[in-house]
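Top to bottom, those sequences are chains A and B.
Using the working numbering, the first residue of the first sequence is number 11, and each one after it goes up by one.
Using the working numbering, the first residue of the second sequence is number 6, and each one after it goes up by one.
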Amino acid sequence: MTTTIVDAVKAARESGDYQSVLDSIPYMKFLGLVVEPDADGPICRMPGSDHIIGNPVLPAIHGGVVGALLESTAIMHIMWSHESLHVPKIINLTVEYLRSARVVDTYAQAIITKQGRRIANMRVEAWQADRAKPVAAAHAHFLLPRAED
Amino acid sequence: MDVDPKSLTWAEKLAMMLENSQGQAKSLGLALESATRVGAVLRLPWQETLVGNPATRVLHGGVITTLIDSACGYSLMSYFESLPDIATLDLRIDYLQPAEPDRDVFAGAEVYKVTSSIAFLRATAFQTEGDPIANAVATFMLGANAPKYNARQG
Numbered sequence: 011m012t013t014t015i016v017d018a019v020k021a022a023r024e025s026g027d028y029q030s031v032l033d034s035i036p037y038m039k040f041l042g043l044v045v046e047p048d049a050d051g052p053i054c055r056m057p058g059s060d061h062i063i064g065n066p067v068l069p070a071i072h073g074g075v076v077g078a079l080l081e082s083t084a085i086m087h088i089m090w091s092h093e094s095l096h097v098p099k100i101i102n103l104t105v106e107y108l109r110s111a112r113v114v115d116t117y118a119q120a121i122i123t124k125q126g127r128r129i130a131n132m133r134v135e136a137w138q139a140d141r142a143k144p145v146a147a148a149h150a151h152f153l154l155p156r157a158e159d
Numbered sequence: 006m007d008v009d010p011k012s013l014t015w016a017e018k019l020a021m022m023l024e025n026s027q028g029q030a031k032s033l034g035l036a037l038e039s040a041t042r043v044g045a046v047l048r049l050p051w052q053e054t055l056v057g058n059p060a061t062r063v064l065h066g067g068v069i070t071t072l073i074d075s076a077c078g079y080s081l082m083s084y085f086e087s088l089p090d091i092a093t094l095d096l097r098i099d100y101l102q103p104a105e106p107d108r109d110v111f112a113g114a115e116v117y118k119v120t121s122s123i124a125f126l127r128a129t130a131f132q133t134e135g136d137p138i139a140n141a142v143a144t145f146m147l148g149a150n151a152p153k154y155n156a157r158q159g
């Protein structure tokens, strides 16, 4: 039952291309996320489009979608960092909204703040045109699947 | 059916607004279940495209995040009986248990404190009432896009 995603992660480790892993996760594909490889871990790009808008007046990207981009980037980072062949389970997430996110391409990259045997503590940042001006940042905890799972 | 907007209650107007909304709320098919002066309840219909783990068909956490953030926004509109100028400052969510596939998810938010510039909310997502799948606290800025102080003086 888990063959598809596990096979995709295994293939990505060989090729270094994690887009097929992302595309096997329906909601990440629904958001149109694109993986851009980087030495420090995958950068996820979310193209600006009408369907991710939350506030049509500004207009701005929906705050929840910004949260989803941050969470997705952390998940991709954990799978990229060889910590898991499976999608890790989110335990909690704290999002700080720093600037209004305009409806343009948004990027995010994660770092593992602390790696335990069962828990990964992550920090993620999202930015648009200027990486020095993040639009949002998040802290999150994930539960790593047991090796035998 | 033609409806005279003046005959609608505020909750009915909000429900109509969400029904006619564009963007992510439309993509997710969000609907307003109820709205009072304390808060609002939104419903997210099940959609296979919102799955976050293809092996288990559990919804992506980000979908729950969006549902809760929207429920908070509608709670503030319900509380103020207006379209307040708001921006999410901070949103913290505990994912208590995975959402069961093939079932709708609801999120109820409550405005528990409002100051001159900040609103504090708590929210819960559930599939069966009394059995939460996520619990959240959020803070929103009020008057987020108000003119700058100096400009207002001028």
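Yeah, the Cβ is synthetic: ideal placement off N, Cα and C, and Gly gets one too.
The structure presented is a predicted model; accordingly, all values stated were derived computationally and were not measured.
Check	Outcome
Limits of the alpha helix (DSSP H) - the one that A:Tyr-107 falls within	Looking at the DSSP string, A:Tyr-107 is not in any alpha helix (DSSP H); the run it does join, the beta strand (DSSP E), is 99 to 107.
Cα-Cα separation, B:Leu-49 to B:Thr-133	13 Å
Buried or exposed by the 16-neighbour rule on C-beta atoms within 10 Å, applied to A:His-72	buried
Cross-strand partners of A:Cys-54 (DSSP beta bridge)	A:Val-45 and A:Ala-118
For B:Pro-89, three-class secondary structure by DSSP	coil
A:Arg-133 vs A:Leu-154 beta-carbon contact at 9 Å	no
Alpha helix (DSSP H) segment containing A:Tyr-37, residue limits	36 to 40
Where the alpha helix (DSSP H) through A:Gly-64 begins and ends	First-last for A:Gly-64: 63 to 65, but that is the beta strand (DSSP E), not the alpha helix (DSSP H).
Selection from B:Asn-25, B:Asp-90, B:Ala-45 and B:Pro-59 that minimises the alpha carbon distance to B:Thr-129	B:Ala-45
Nearest-angstrom Cα separation, counted from B:Gly-57 out to B:Leu-21	The residue asked about is misnamed: residue 21 of chain B is Met in this sequence, not Leu. So the two alpha carbons sit approximately 29 Å from each other.
As assigned by DSSP and simplified to three states, the class of B:Lys-153	Confidence at B:Lys-153 is low in this model, with a pLDDT of 49, below 50, so the placement of that residue should be treated as unreliable; the coordinate-derived value is given next. Coil.
Validate contact between the region 96 to 113 of chain B and the region 84 to 97 of chain A using beta carbons, cut 8 Å, 3 pairs	no
Alpha-carbon to alpha-carbon, A:Phe-152 and B:Ala-16	38 Å
Alpha-carbon spacing of A:Asp-60 relative to A:Pro-66, whole angstroms	9 Å
In chain order, each beta strand (DSSP E) run of at least 3 residues that lies wholly inside the region 27 to 107 of chain B	36 to 40, 44 to 49, 56 to 58 and 91 to 100
Residues bridged to A:Ala-148 [DSSP beta-bridge criterion]	A:Val-105 and A:Val-134
DSSP-derived helix/strand/coil call for B:Lys-118	strand
Collapsed DSSP secondary structure at A:Ala-205 in the structure displayed	Residue 205 of chain A lies beyond the stretch modelled for chain A, which goes from 11 to 159, so this question has no answer here.
Residue from B:Gly-135, B:Thr-120, B:Val-63 and B:Ala-124 with nearest C-alpha to B:Gly-113	B:Gly-135
Contact list for A:Ser-82 against chain B, beta-carbon separation under 7 Å	Gly-67
Per-residue DSSP class, three states only, for B:Gln-158	Interpretation of B:Gln-158 is limited by its pLDDT of 36, a score under 50 that renders its predicted location unreliable; no figure is taken from the coordinates.
B:Ala-112, DSSP secondary structure in three states	strand
Pairwise C-alpha distance: A:Ala-147 and A:Ser-94	23 Å
Beta carbon of A:Val-19 nearer than 9 Å to that of A:Val-76	no
CB of B:Val-116 within 9 Å of CB of B:Ser-80, strictly	yes
Cβ distance (whole Å) where B:Thr-71 is taken to contact A:Ala-78 below 8 Å	6 Å
For A:Leu-68, three-class secondary structure by DSSP	coil
Through-space distance from A:Val-114 to A:Phe-40, alpha-carbon basis	17 Å
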